């Protein structure tokens, strides 16, 4: 049994965007993110960057996602 709190995909996505904005400024226009269930719990995918600034933001956000993966489990239907 996991001792990590459960969050829905929407909650995780909102948390990621909120923390990224607080750390790195406004979310880049046109950048999209998708949080999903995978074989190891959950993951998030971020669209490819269109500029060097977007690439930095994306890289920092992926680091943030790695941090959150060890703190939260995805609250998804288990079949």
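Numbering (this note's numbering), first residue to last: 4 to 82. Where a beta carbon is used, it is the ideal one built from N, C-alpha and C, also for glycine. Quick caveat: nothing in here was measured; it's all calculated off a predicted structure.
Pick from the options that is closest to residue i, judged by C-alpha positions
i	options	result
residue 32	57, 8, 14	57
residue 43	77, 6, 8	77
residue 35	26, 27, 50	50
residue 39	61, 15, 26, 70	15
residue 48	26, 73, 69, 79	69
residue 26	79, 72, 62, 13	62
residue 45	72, 17, 28	72
Contact under 7 Å by Cβ, residue i with residue j
i	j	result
residue 23	residue 53	no
residue 60	residue 7	no
Proximity test, residue i beta-carbon vs the ligand NAD heavy atom, cut-off 6 Å
i	result
residue 10	Absent from the structure shown: the ligand NAD. Ligands present: none.
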